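In my numbering, the protein residues as written are 602 to 683. Cβ atoms here follow ideal geometry from the backbone N, Cα and C, with glycine treated the same way. None of the values given here were measured: they were computed from a predicted structure. Quick notes on the structure that follows.
Right, here's the structure in full:
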């Protein structure tokens with residue numbers, strides 16, 4: 602179920618991991634192709650965030666994780682400016 606962010610009654614971070622457009626590897630280099638939205642499915646993507654169901658270390662919104670883009674159990678955040 603989805604709901605507008607305003608319905609969260611003051612919570613500062615969601616209880617989920619969100620995809621970013623970045624490749625997982627360091628150091629960051631914007632010209633190395635990692636921002637390519639058509640990247641191969643075998644390139645690790647970056648997930649940010651966490652939640653209570655992930656454990657104490659992973660509950661922080663600063664958490665950074667990797668997974669392959671075909672993963673179907675994770676979502677993405679849609680932002681709409683009014």
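{"Asked": "Residue 681 - DSSP class collapsed to helix/strand/coil", "Found": "coil"}
{"Asked": "Selected residue, minimal CA-CA separation from residue 618, among 628, 665, 682, 683", "Found": "665"}
{"Asked": "Sheet register partners of residue 666 (DSSP bridge)", "Found": "648"}
{"Asked": "Among 668, 628, 639, 632, nearest to residue 649 - alpha-carbon criterion", "Found": "668"}
{"Asked": "Reduced DSSP category for residue 602 - H, G, I as helix; E, B as strand; rest coil", "Found": "Caution applies to residue 602, whose pLDDT of 48 falls short of 50 and renders its modelled position unreliable; the value that the coordinates give is listed next. Reduced to three states, the DSSP call for residue 602 is coil."}
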